[in-house]
Structures are given as C-alpha cells and as structure tokens.
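Before any comments, here is the structure.
Numbering (our numbering), first residue to last: 1 to 317.
Rendered as structure tokens:
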C-alpha cells in the first residue's frame, strides 16, 4: 500500500478513545503539518483542519462518482485524511447507471451503494469532528456548534465539485439552471433505460464529430434521447463552443477504458491458471484510459446486463 500517509478518520477515533485530548491534539498537529499546512494559519487550526479535510473528501468522492467508481467499504478506517483512495478491496466500476449499484458481497443493505457515497463520507467526517471536539474548544457546546456548521457545508461542496465535473463531461462551461437540468435529465434517461454510464459520454463526443445518429447507439428508445440531444446541442451553441474542440475536451475527461468487471474477472481467472496475457492487455488499456487505440475495442464496452446484475466483489480481491 502506497499513500502520502495512513492517517485515517479511524486513527482519530482510536486516539480519542485511547489517549484523550492530548493524543488527539498531537495527532491533529502532525496531520496538519503533513497534509494540510494551510490550516495552521486559520483562527482555529483544528477547525481549519476539519474544513480542509471536508473539502478534500468532497472533491475525492465527486471524482469517484464522475467515473462510476464504487468504493465498496467506506468505513471510517478506510477514509484517509490525505484525501487519497485507500483500502478499496471490494471496489468496482458501475456499468449501467443506477444509484443503487452495490457490488460488495457483505453490503447487504446497500450502505455503500454508488449513490450513497456522499452521505457516507459526511457521516465519516462527523466521526472525525467528534474526535476533534475537545481540541476545538474547551466548551463542548461551542465546539459542537462550530463543527456542525462546517459539516453542514459538505453537501454543497460535494455538489459543486460533482456538477463542475459533470459539466466538463458534457463539454459545458456555464453553471446555471439549464446546464443543471441537462445533467439531471441525462442521468434520468440513463437510469430509466439501463444504459451504460461510461460509454454514453464517449458516444456523445462522437456525435459531435459525426452527427447525432452516433449518439443514439446506447439507447433503446432513440426518440427520447434525441429530445435531450437537441437541448444539449442548443446549449453548446449558446455557449459558442466549437463542436470538434468540445468533443476533444470531453474525451480528455471521459475514460474510454475502465476496469470493466468482466474483464477484471477474465484477467484474474487467466492469471490464476498461469496466463498473464489478459492481465497485460487490460493493464495496457487502463494505463491510457482516455486514448482510443487499435485492438482494444472489446475493453471499451460493458458486459451483458444480466452478468452485471449478479456480479459481486469480495474483500481481498
């Protein structure tokens, strides 16, 4: 395991139980120095630290979800203070868009489902805030009020990061109600028609180069998608965007190759039998996920819908 450090939310919980405020203060000071040095200049360095971690996690989870990533086991011991993705044993990437997507074999209630990840991140951050209470202020009520105010900002911060990323995925630059509606309505279409998430955005960029018909391919009901496409193209025209430049920009943020679950299983199975060729091909595709290359077309598409519905991951995979 490689990371900037292995200080986690759970580390602070353990310090609070085992060493009390003195150990929490030492740990927080170390984390500030190592990962969030600007927090030392805040009026209250521990509130500054918490605020920085909140924003870092909001950005991280937004970036996960922009590429369809499901961590799978987001407990407090798997949330790094540095804002890096760690301990994602049962992780997987979503094929068909569905906020309720769960892969982990032990997540029977969907606690860590794709769409629940922001709420779980906020819950974890609340546990960090609890551990920091004694060093934030001597008066408990004052400390609770201060950290609560920061925690309540998490949804807005996540939304800001996520919507900025979604606009980039669609080649849009303006942040307004029209672009928000385009984002929300597209996701509704993908969900209602069980459409692959990742390849849809590449189909859209292809449509800008070759005409609207190529963007129909992921959808069973093209007419419903055509109405959305007209609105999207109208917004791009309103923004004065050149279609080919937009398509290129979209391809730089929308991966063509992701670790498709059926390809991961194929590589694992072959490697178990002593054949590393499928693993090497998969690794080659994923090393440059945005660049279309000859011979890798089979790595760009999803598995069958029935296969995806039954796929489960396990800790240790």
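For glycine and all other residues, C-beta sits at the position ideal for the given N, C-alpha and C.
Quantities reported herein were computed from a predicted structural model and do not represent experimental measurements.
Looking at residue j and residue i, is the spacing between their C-beta atoms short of 8 Å?
{"i": "residue 187", "j": "residue 97", "result": "yes"}
{"i": "residue 13", "j": "residue 74", "result": "no"}
{"i": "residue 190", "j": "residue 246", "result": "no"}
{"i": "residue 263", "j": "residue 290", "result": "no"}
{"i": "residue 183", "j": "residue 163", "result": "yes"}
{"i": "residue 72", "j": "residue 313", "result": "yes"}
{"i": "residue 305", "j": "residue 194", "result": "yes"}
{"i": "residue 104", "j": "residue 5", "result": "no"}
{"i": "residue 222", "j": "residue 260", "result": "no"}
{"i": "residue 39", "j": "residue 52", "result": "yes"}
{"i": "residue 166", "j": "residue 204", "result": "no"}
{"i": "residue 146", "j": "residue 16", "result": "no"}
{"i": "residue 94", "j": "residue 197", "result": "yes"}
{"i": "residue 311", "j": "residue 286", "result": "no"}
{"i": "residue 128", "j": "residue 9", "result": "yes"}
{"i": "residue 241", "j": "residue 171", "result": "yes"}
{"i": "residue 76", "j": "residue 124", "result": "yes"}
{"i": "residue 178", "j": "residue 230", "result": "no"}
{"i": "residue 66", "j": "residue 169", "result": "yes"}
{"i": "residue 7", "j": "residue 42", "result": "no"}
{"i": "residue 185", "j": "residue 228", "result": "yes"}
{"i": "residue 200", "j": "residue 300", "result": "no"}
{"i": "residue 155", "j": "residue 122", "result": "yes"}
Could you tell me which residues DSSP pairs with residue i in its beta bridges?
{"i": "residue 92", "result": "70"}
{"i": "residue 166", "result": "DSSP output for residue 166 lists no bridge partner at all."}
{"i": "residue 313", "result": "104"}
{"i": "residue 79", "result": "85"}
Determine the DSSP secondary structure at residue i, reduced to helix, strand or coil.
{"i": "residue 141", "result": "helix"}
{"i": "residue 104", "result": "strand"}
{"i": "residue 55", "result": "helix"}
{"i": "residue 291", "result": "coil"}
{"i": "residue 98", "result": "coil"}
{"i": "residue 258", "result": "coil"}
{"i": "residue 60", "result": "helix"}
{"i": "residue 119", "result": "helix"}
{"i": "residue 305", "result": "helix"}
{"i": "residue 46", "result": "helix"}
{"i": "residue 161", "result": "helix"}
{"i": "residue 296", "result": "coil"}
{"i": "residue 269", "result": "helix"}
{"i": "residue 4", "result": "coil"}
{"i": "residue 172", "result": "coil"}
{"i": "residue 275", "result": "coil"}
{"i": "residue 111", "result": "coil"}
What span of residues does the alpha helix (DSSP H) with residue i cover, start to end?
{"i": "residue 29", "result": "9-35"}
{"i": "residue 251", "result": "243-251"}
{"i": "residue 197", "result": "197-210"}
{"i": "residue 189", "result": "177-192"}
{"i": "residue 364", "result": "One cannot answer for residue 364 here, as it falls past the ends of the chain, which runs 1 to 317."}
{"i": "residue 231", "result": "222-238"}
Tell me whether residue i, by its Cβ, gets closer than 7 Å to a heavy atom of the ligand PLP.
{"i": "residue 275", "result": "The ligand PLP is not part of the structure shown, which contains no ligands of any sort."}
At least 3 beta-carbon pairs within less than 8 Å: the region 76-95 vs the region 275-282: Using a Cβ-Cβ distance cut-off of 8 Å, the region 76-95 and the region 275-282 are not in contact, since fewer than three pairs of beta carbons, one from each stretch, lie closer than that value.
Touch test, the region 42-50 against the region 131-141, Cβ-Cβ under 8 Å, three pairs minimum: Judged by Cβ distances under 8 Å, the region 42-50 makes contact with the region 131-141, as three or more pairs qualify.
Cβ pair count under 8 Å reaching 3, the region 102-120 against the region 140-151: Output reads no: the region 140-151 does not touch the region 102-120.
Segment contact flag, the region 51-61 with the region 156-175, C-beta cutoff 8 Å, min 3 pairs: A contact exists between the region 51-61 and the region 156-175.
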